[in-house]
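This report concerns only the one structure given below.
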């Protein structure tokens with residue numbers, strides 16, 4: 550599994566996200582390559598990122614996978 554986070558310079562949430570991702574991988578015993586990428590506004594636009602930070606799993610933005618209204 551590959552978990553990637555894309556974030557803008559100065560993103561205030563990226564360190565908390567990093568801790569949560571690392572904790573989840575460890576607790577669930579998942580074998581994963583975890584990468585964090587700081588991106589420019591131009592790259593964020595090219596990638597179609599909806600916000601910062603954005604999380605992708607195996608090349609897919611997981612934000613679009615959450616049902617409307619949150620997690621059931």
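Residue numbers (the numbering used here): 550 to 621. The beta-carbon is built from N, C-alpha and C at its ideal position, and this holds for glycine as well.
Rounded straight-line distance, which links the Cα of residue j to that of residue i
i	j	result
residue 611	residue 583	15 Å
residue 562	residue 553	15 Å
residue 590	residue 558	9 Å
residue 597	residue 578	30 Å
residue 555	residue 607	13 Å
residue 593	residue 602	10 Å
residue 604	residue 580	17 Å
residue 567	residue 573	10 Å
Cross-strand partners of residue i (DSSP beta bridge)
i	result
residue 609	606
residue 583	552
Assigned secondary structure, residue i (DSSP; H/G/I helix, E/B strand, else coil)
i	result
residue 558	coil
residue 563	helix
Top-ranked residue by Cα proximity to residue i, from the options
i	options	result
residue 587	600, 576, 580 and 575	600
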